[in-house]
Amino acid sequence: MASPRTRSLSLRSDYTTALRRHPALMAFAGAASLLGAIAIVNGRVAKKAERDNPPRGQFLEIDGVRLHYVERGNGRPLVLLHGNGSMIQDFESSGLIDLAANRFRVIVFDRPGFGHSSRPRNVIWTPEAQADLFRKALDRLSVQRAIVLGHSWGAAVALALATRHSSFVEALVLASGYYFPTVRADAAASSMSAIPGIGDAISHTILPIVSRLLWPSMLRKMFGPRPVPDKFVGFPKELALRPSQMRASAAEATLMIPAAFASSKTYDQLRMPIIIIAGDEDRLIDINKQSVRLHGEVTHSKLHRVAGAGHMIQQSATARLLAAIDEAAAETEIGGNAPHRFASA
Numbered sequence: 464m465a466s467p468r469t470r471s472l473s474l475r476s477d478y479t480t481a482l483r484r485h486p487a488l489m490a491f492a493g494a495a496s497l498l499g500a501i502a503i504v505n506g507r508v509a510k511k512a513e514r515d516n517p518p519r520g521q522f523l524e525i526d527g528v529r530l531h532y533v534e535r536g537n538g539r540p541l542v543l544l545h546g547n548g549s550m551i552q553d554f555e556s557s558g559l560i561d562l563a564a565n566r567f568r569v570i571v572f573d574r575p576g577f578g579h580s581s582r583p584r585n586v587i588w589t590p591e592a593q594a595d596l597f598r599k600a601l602d603r604l605s606v607q608r609a610i611v612l613g614h615s616w617g618a619a620v621a622l623a624l625a626t627r628h629s630s631f632v633e634a635l636v637l638a639s640g641y642y643f644p645t646v647r648a649d650a651a652a653s654s655m656s657a658i659p660g661i662g663d664a665i666s667h668t669i670l671p672i673v674s675r676l677l678w679p680s681m682l683r684k685m686f687g688p689r690p691v692p693d694k695f696v697g698f699p700k701e702l703a704l705r706p707s708q709m710r711a712s713a714a715e716a717t718l719m720i721p722a723a724f725a726s727s728k729t730y731d732q733l734r735m736p737i738i739i740i741a742g743d744e745d746r747l748i749d750i751n752k753q754s755v756r757l758h759g760e761v762t763h764s765k766l767h768r769v770a771g772a773g774h775m776i777q778q779s780a781t782a783r784l785l786a787a788i789d790e791a792a793a794e795t796e797i798g799g800n801a802p803h804r805f806a807s808a
């Protein structure tokens, strides 16, 4: 009877022989080994990013979600909702949180799957699902009414809050949002990464690498035509490039068009003061098809076009965005929630 060592050597020899006889099998085995090694490295890099960028706020457990939030200042509640692929540090590095905290009770969430918030897989995280989650979270924080600002994908969540929980939202500030369905190449490109199984494999292997290579060009597109401001150095890139966050980003990109289609049917329900603000040279979202159109359909809204600014107006036009928040607050003090027509700016 052969010894265990002899049997092991025999099996290894048979495996090597099979690979030599079948080059395609050898290539597949090599690729699988390489991807496995890449996944291990990406996992370690992600863990290091989390150690280097620990949570700065507190946590709430809501419906199985571990929701991370930061709260600063006193006064009327102001809720900030970040865009796709982002996190609390976007608003933090922009300076908006500190500026607004001088006169508001500012509450900023890491939306599910971003920053340090979890994203359970048993929920499709539409804007409506997220709106319901945040309403419960804010109730736990004893917030009964608030001004809500949403940037980019966060604007869709802010709108869902306003339509599903209208008595809660005093006023809306919608920044660089996507409100109506259009053909988008980025949504199609992300669809594969959002598929369970395949998406996990992509997000844990090649996607973080490709995204690191494309990071400078992505920033130029997001911030253009203006340069990336020095203060954005405080944004933790490695947290954004973790496999878990990249999969969440892909899922939200895939949801963009159907979410806008569903949401666009509810805009006639909006009654609170609404300030729409967008960079007039946004390279990610056509503001004429989005912000300008929304202003035309929601007749009591006010529209601000920020000249020469791109998509990231919270970073490149922070003072203008803060002024929009103040304007929304003033409108609630003057006219309550009664709809009225504003002049365009």
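In this text, residue positions in the sequence shown follow the numbering used here: the first is 464, and each later residue adds one.
Cβ coordinates follow ideal geometry from the N, Cα and C atoms, glycine included.
Pull the bridge partners of Gly-578 from the DSSP assignment, please.
According to DSSP, which records beta bridges pairwise, Gly-578 is partnered with nothing at all.
Could you check the C-alpha separation between Glu-760 and Ser-754 for me, to the nearest Å?
Rounded to the nearest angstrom, the two C-alpha atoms are 10 Å apart.
Using a 10 Å radius around the Cβ and a threshold of 16 neighbouring Cβ atoms, would you call Leu-676 buried or exposed?
Exposed.
Could you pull the DSSP bridge partners for Leu-612 from this structure?
Paired residue(s): Leu-543 and Val-636.
Are the beta-carbon atoms belonging to Ile-560 and Val-542 less than 8 Å from one another?
Cβ distance not < 8 Å, so Ile-560 and Val-542 don't count as in contact.
Nearest to Arg-568 by CA position, among Ala-714, Ser-556, Asn-537 and Leu-637, is which residue?
Checked all of Ala-714, Ser-556, Asn-537 and Leu-637; the closest Cα to Arg-568 is Asn-537.
Given a cut-off of 8 Å on the beta-carbon distance, is the pair Ile-551 and Ser-639 in contact?
No, the Cβ-Cβ distance between Ile-551 and Ser-639 is not below 8 Å.
Using DSSP with H/G/I as helix, E/B as strand and the rest coil, what is His-667?
Of the three classes helix, strand and coil, the one that applies to His-667 here is helix, per DSSP.
Can you tell me which of Phe-698, Ala-502, Leu-757 and Thr-668 puts its alpha carbon nearest to the alpha carbon of Arg-618?
Sequence check: residue 618 is Ala here, not Arg. Looking at the Cα atoms, Leu-757 is the closest of the given residues.
Report the residue ranges of all alpha helix (DSSP H) runs contained in full by the stretch 696 to 784; include only those spanning at least 4 residues, in chain order.
DSSP runs (the alpha helix (DSSP H)) wholly in the stretch 696 to 784: 700 to 703, 706 to 726, 754 to 760 and 776 to 779.
Just tell me which of Ile-661, Gln-521, Ala-594 and Val-696 has its CA closest to the CA of Leu-612.
Selected option, being the one with the closest Cα: Ala-594.
Expressed to the nearest angstrom, what Euclidean distance is found between the alpha-carbon atoms of Ala-648 and Lys-684?
About 14 Å.
Grab me the residues of Arg-804's own chain with a C-beta within less than 8 Å of its C-beta, minus the 5 sequence neighbours each way, in chain order.
Confidence is the limiting factor: at Arg-804 the pLDDT is only 36, short of 50, which leaves the residue's position unreliable, though a coordinate-based value still follows. Result list for Arg-804: Thr-762 and His-763, in chain order.
In this structure, how does DSSP classify Ile-587 when only helix, strand and coil are distinguished?
Coil.
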